[in-house]
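Have a look at the structure below, then the notes.
Protein chains: 2
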Amino acid sequence: MNKVYVVGIGPGGEDGITPQARAAMDQAEVLCGYPVYVDLVKGLYPGKETYTTPMRQELERCRWALETARSGRTVALVCSGDPGVYGMASPLLELVPEFPEVDVEIVPGVTAALSGGALLGAPLGHDFCVISLSDLLTPWEVIERRLACAAKGDFAICLYNPASKKRADHLRWACDILLRDKSPETVCGWVRNISRTGQNRKILTLAQLREERLDMFTTVFIGSSTTRSMDGWMVTPRGYQP
Amino acid sequence: MNKVYVVGIGPGGEDGITPQARAAMDQAEVLCGYPVYVDLVKGLYPGKETYTTPMRQELERCRWALETARSGRTVALVCSGDPGVYGMASPLLELVPEFPEVDVEIVPGVTAALSGGALLGAPLGHDFCVISLSDLLTPWEVIERRLACAAKGDFAICLYNPASKKRADHLRWACDILLRDKSPETVCGWVRNISRTGQNRKILTLAQLREERLDMFTTVFIGSSTTRSMDGWMVTPRGYQP
């Protein structure tokens, strides 16, 4: 069948993969994706053909998936978390007009805002923003403006890609912008290696978060003005007391 | 075991429930929740005891779950979507300090922003906000301010609870606020009855969205300035061209 499934496999463990995602990978003749994510599911499909491309070759990977589907095969393009949240759904769909004979289906998954949030409690229990601190594809000025607006709206915030070797200072810069409108005592948290070996979490203040040195395997949560730390949980109440 | 699992079952179909959520419900002696959600999983557990309370009695339901767990039973408090996104995780955790002998585990699920987004394409492919238009627990002024900040930050936006019989005009008011900073041609979409009978979706402009009469079973998506409609998909590109 000329079909590409863009499949979210959740945080990484087998028990976070929905039956819908399993069914899509069952039907696929080839599993394709970033090597780390293909490795996560290869154990479930030991005999299945795989195709991987390194980081930063996402467009090439999407094109390969669509070309392979056009040749009559069924492909599952595997993403960690959800394919629609900084995943492969949007780069693949941008190429779809070139491949009118290929059928595409997006299969959602549990993104890190949800799986990491569950480990901390309910940091996103009321209105929230999700912002990536990676400026590989987005000018830093756009990220700064979004951080400032998220703080002014008193949203809870989830940060993806808070840092990398080349972007060691991004989290500190982001905290400085947030501190213009948020208290240094704002309850924050981070989760590292969700559902994988070395899973770890911490609840701390925004002032303390500013001093943390985190890596790209970490997801960061910043509370709204109502977020509290209680019994080791980070909780943003559903009701809002202005 | 003195334990409460707060379980996200995803959009509604059996194929959207993760194995982690299934395992939690397998272990539970009682399934508890809002009647519609308990009905969605009762078929999987025909012999299992259930306890339901109507809408607006969420706190009573959380207290019942914690008291039942304190008496030595294992309870699964079932939520649609993800328990951390306008779900039962935060009201339950707020009561936890009164129940030190009870163990709590939050089990994430696929929330409507993701499952609805997948049906439309990739509306949340770049930074986004999630805002509920329900003013049952939140003053309308807070919602207005968040809408204004989300528009100023050029976020993609996902709206939960866009309307109900008592809140027929909320979506129109929200669109009017967004139209101060967003073009009337902004690409929008909505999805109704995700993964259930009568599933439906539509892609339209922000000006058209303002005139729609939607209900509480609908999730709404509003694009950023870069969001496009292509081949029937709503796509927010990952890269950002300012």
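Chains as they are written, first to last, in my numbering: chain A, 1 to 242; chain B, 1001 to 1242. Idealized CB from N, CA, C, for every residue including glycine.
Secondary structure note for Val191(A): it is in no alpha helix (DSSP H), and the uninterrupted beta strand (DSSP E) holding it is Val187 to Arg192. In this chain, the beta strand (DSSP E) harbouring Ile1222(B) covers Thr1218 to Ile1222. Cβ-Cβ distances below 7 angstroms link Tyr51(A) to Val30, Cys32 and Trp64 in the same chain, with the five nearest sequence neighbours on each side left out; the list follows chain order.
Closest by C-alpha distance to Cys1188(B), out of Phe1155(B), Thr1197(B) and Pro1019(B), is Phe1155(B). As the crow flies, the alpha-carbon of Glu1144(B) is around 21 angstroms from that of Ile131(A). Val110(A) and Pro1108(B) do touch by the CB rule: their CB atoms are close to 5 angstroms apart, below 8 angstroms. One thing to note: Thr1068(B) has its Cβ within 9 angstroms of the Cβ of Val1075(B).
Three or more pairs of CB atoms, one per stretch, sit closer than 8 angstroms, so the region 176–184 of chain A contacts the region 196–213 of chain A.
At least one CB atom of chain A sits nearer than 9 angstroms to the CB of Glu1094(B).
Taking the C-beta atoms as reference points, Ile1157(B) is found nearer than 9 angstroms to Phe1221(B). With respect to Leu1136(B), Pro1162(B) sits apart: the two C-beta atoms are not nearer than 9 angstroms. DSSP places Val102(A) in the coil class of the three-state scheme, outside both helix and strand.
Near chain A, meaning a CB-to-CB distance below 8 angstroms, the residues of the region 1066–1082 of chain B are Asp1082. When the alpha-carbon of Ala1168(B) is set against those of Gln1027(B), Gly1153(B), Leu1066(B) and Leu1214(B), the nearest one is in Leu1214(B). For Met88(A), no beta strand (DSSP E) segment is defined, and its DSSP state is neither H nor E.
By the Cβ criterion, the region 1083–1100 of chain B is not in contact with the region 1164–1178 of chain B, since fewer than three pairs of Cβ atoms, one from each stretch, lie closer than 8 angstroms. At a C-beta separation below 9 angstroms, Leu1137(B) has these neighbours in chain A: His126, Pro237, Arg238, Gly239 and Tyr240.
Listed in chain order, the beta strand (DSSP E) runs fully inside the region 1123–1153 of chain B are 1128–1132, counting runs of at least 3 residues. Within the region 1098–1120 of chain B, contact with chain A at the beta-carbon level (separation under 9 angstroms) is assigned to Pro1100, Val1104, Glu1105, Ile1106, Val1107, Pro1108, Gly1109, Val1110, Thr1111, Ala1113, Leu1114, Ser1115, Gly1116, Gly1117, Ala1118, Leu1119 and Leu1120. With distances taken between CA atoms, Gly232(A) lies nearest to Pro1097(B) out of Val1006(B), Ala1021(B), Gly1013(B) and Pro1097(B). At a cut-off of 9 angstroms between beta-carbon atoms, Cys1175(B) makes no contact with chain A.
Measuring C-alpha to C-alpha distances from Gly121(A) to each of Gly81(A), Pro54(A) and Lys202(A) identifies Lys202(A) as the nearest. Judged by DSSP secondary structure, Leu40(A) falls outside any beta strand (DSSP E) and instead within the alpha helix (DSSP H) spanning Pro35 to Lys42.
Listed along the chain, the chain B residues whose CB falls inside 9 angstroms of the CB of Ile17(A) are Thr1018 and Pro1019. Following the DSSP letters along the chain, one finds Ile157(A) inside the beta strand (DSSP E) bounded by residues Ala156 to Tyr160. With a threshold of 16 other beta carbon atoms within 10 Å, Val36(A) falls short and is exposed.
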